[in-house]
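Notes follow the structure.
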Amino acid sequence: MLPTDSSQSEPGAPSPAPQRTHRLHIACVASVWIVGIVFGVRQLQHFEGTPGAIGPTPAEWPAGSDVVRDARLMTLVMLIHPQCSCTQASLTELAEVMERAGGRVSAWVLFVQPQNAPHSASWHEAAHLPGVHVGLDPNGVQAARFGALTSGYVVLYDVAGRLRFSGGITAARGHAGKNMGRNQLVAMLDDTTLPPQRHAVFGCPLG
9 MLPTDSSQSE PGAPSPAPQR THRLHIACVA SVWIVGIVFG VRQLQHFEGT
59 PGAIGPTPAE WPAGSDVVRD ARLMTLVMLI HPQCSCTQAS LTELAEVMER
109 AGGRVSAWVL FVQPQNAPHS ASWHEAAHLP GVHVGLDPNG VQAARFGALT
159 SGYVVLYDVA GRLRFSGGIT AARGHAGKNM GRNQLVAMLD DTTLPPQRHA
209 VFGCPLG
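With the working numbering applied, the sequence shown closes on residue 215, and no number is skipped along the way.
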């Protein structure tokens, strides 16, 4: 009787070659999937952390502005795009600023959009913020005067019409929470002798 060859498969047993191929295929698919997730997360982080453009912001209150500057209080202006997904975070931070300001600032939120366009949900949210006036900026005329090119851009002028702060008050696109921009703005409200502050703005293009 000849000895049994253990390297040969039993009759009816699956061949090891197709099994190895199947496992290799699953491993390859899993690897591609993981690489895709990592790449996507990094792309998202890069997008969220990339600052928007900033135009030339006048050091003095811009002549011809339709925004009414308060002669008794500091005046804050936020320019936002109603369809920008980052608007919610910007308004959340503005609400925090207004609470800390305690009536020491007159604030405006201007929605940059085509004339006669319908109001968005964010319009009504901004209108319910204490001490905040809401207006429409058809075709971004006022935004251009303040150097705003990115949604969420904020400017703060003192009672003499001098620029004290410019930039964004969120940490990244669509992210509310503690951040340097908001801290700088609040610090300026607390101490007007500080030098003018500037911070990056994170949001959608206004144009």
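No residue lacks a Cβ here, since even glycine has one placed at the ideal position from N, Cα and C.
Predicted model only: the values in this text are computed from it and were never measured.
contact_flag[the segment 148 to 156, the segment 71 to 85] where n(CB pairs < 8 angstroms) is 3 or more: Judged by Cβ distances under 8 angstroms, the segment 148 to 156 makes contact with the segment 71 to 85, as three or more pairs qualify.
Inter-residue Cα distance where the pair is GLY139 and ALA67: The residue you call residue 139 lines up with position 131 of the sequence shown. The residue you call residue 67 lines up with position 59 of the sequence shown. One alpha carbon belongs to GLY139, the other to ALA67, and they sit about 24 angstroms apart.
Residues near ARG206 in its chain [Cβ-Cβ closer than 6 angstroms; skip 5 each side]: As a working note, residue 206 is residue 198 in the sequence shown. Within the same chain, Cβ atoms closer than 6 angstroms to the Cβ of ARG206 are found at SER174 and GLY175, the five residues on either side in sequence being excluded.
Contained alpha helix (DSSP H) runs [length at least 4] in the segment 92 to 159, N- to C-terminal order: The segment 92 to 159 contains these whole alpha helix (DSSP H) runs: 95 to 109, 129 to 135 and 149 to 154.
Exposed unless 16 or more other CB atoms sit within 10 angstroms - verdict on ALA109: Here residue 109 is taken as the residue at index 101 of the sequence shown, counted from 1. Classification of ALA109: buried, given that the 10 Å Cβ count is 16 or more.
Beta bridge counterpart(s) of ILE177 as assigned by DSSP: Within the sequence shown, numbered from 1, the residue matching residue 177 stands at position 169. Partner(s): none; ILE177 has no beta bridge.
Cβ shell of ALA135 (< 6 angstroms), same chain only, five flanking positions each side left out: As a first step, residue 135 must be located in the sequence shown, where it is residue number 127. Closer than 6 angstroms at Cβ, skipping near neighbours: VAL142.
Inter-residue Cα distance where the pair is THR129 and GLU107: By one-based count along the sequence shown, residue 129 stands at place 121. By one-based count along the sequence shown, residue 107 stands at place 99. A small correction: the amino acid at residue 129 is Ala; Thr does not occupy that position in the sequence shown. Rounded to whole angstroms, the separation of the alpha carbons of GLU107 and ALA129 is 22 angstroms.
TRP131 beta carbon less than 8 angstroms from that of PRO90: Here the question's residue 90 lines up with position 82 in the sequence shown. Here the question's residue 131 lines up with position 123 in the sequence shown. Yes, these two residues count as a Cβ contact at 8 angstroms.
CA nearest to the CA of THR158, picked from SER98, ALA184 and ALA79: On the sequence shown, residue 158 is found 150 positions in, with the first residue counted as 1. Of SER98, ALA184 and ALA79, the residue nearest in Cα terms is SER98.
Distance between CYS92 and LEU202 (C-alpha atoms, nearest Å): Residue 202 sits at position 194 when you count from the first residue of the sequence shown. Residue 92 sits at position 84 when you count from the first residue of the sequence shown. Their Cα atoms are separated by approximately 32 angstroms.
Secondary structure of LEU81, DSSP reduced to three states: Position 73 of the sequence shown, counted from the start, is the residue given in the question as residue 81. LEU81 carries a coil assignment under DSSP once its states are collapsed to helix, strand and coil.
Residues bridged to MET216 [DSSP beta-bridge criterion]: Residue 216 is absent from the model: the chain starts at 9 and stops at 215.
Residue environment, ASN191, which counts as buried when at least 16 other CB atoms sit within 10 Å: For the purposes of this step, residue 191 is taken as residue 183 along the sequence shown, with counting starting at 1. Exposed is the call here.
Nearest-angstrom beta carbon gap, GLU101 and THR178 [assumed within contact, 8 angstroms]: Indexing the sequence shown from 1 puts residue 178 at position 170. Indexing the sequence shown from 1 puts residue 101 at position 93. Their Cβ separation, rounded to whole angstroms, is 6 angstroms, which keeps THR178 and GLU101 in contact under 8 angstroms.
LEU171 - DSSP class collapsed to helix/strand/coil: Working through the sequence shown from its first residue, we reach residue 171 at position 163. Strand at LEU171.
Local Cβ density within 10 Å of HIS54, reported as buried at 16 or more and exposed below that: By 1-based counting over the sequence shown, the position of residue 54 is 46. Bear in mind that the predicted position of HIS54 carries a pLDDT of just 38, short of 50, making it unreliable; the figure below should be weighed with that in mind. Taking every protein chain shown into account, the CB of HIS54 has fewer than 16 other CB atoms within 10 angstroms, so this residue is exposed.
Cβ-heavy atom distance, THR158 to the ligand NAP, below 7 angstroms: With respect to the ligand NAP, the structure shown offers nothing to examine, as it has no ligands at all.
Contact belief for GLY112 with MET82 at Cβ below 8 angstroms, rounded distance in angstroms: As a first step, residue 112 must be located in the sequence shown, where it is residue number 104. As a first step, residue 82 must be located in the sequence shown, where it is residue number 74. The sequence as given places Arg at residue 112; Gly does not occur at that position. About 7 angstroms separates the two Cβ atoms, so the contact holds.
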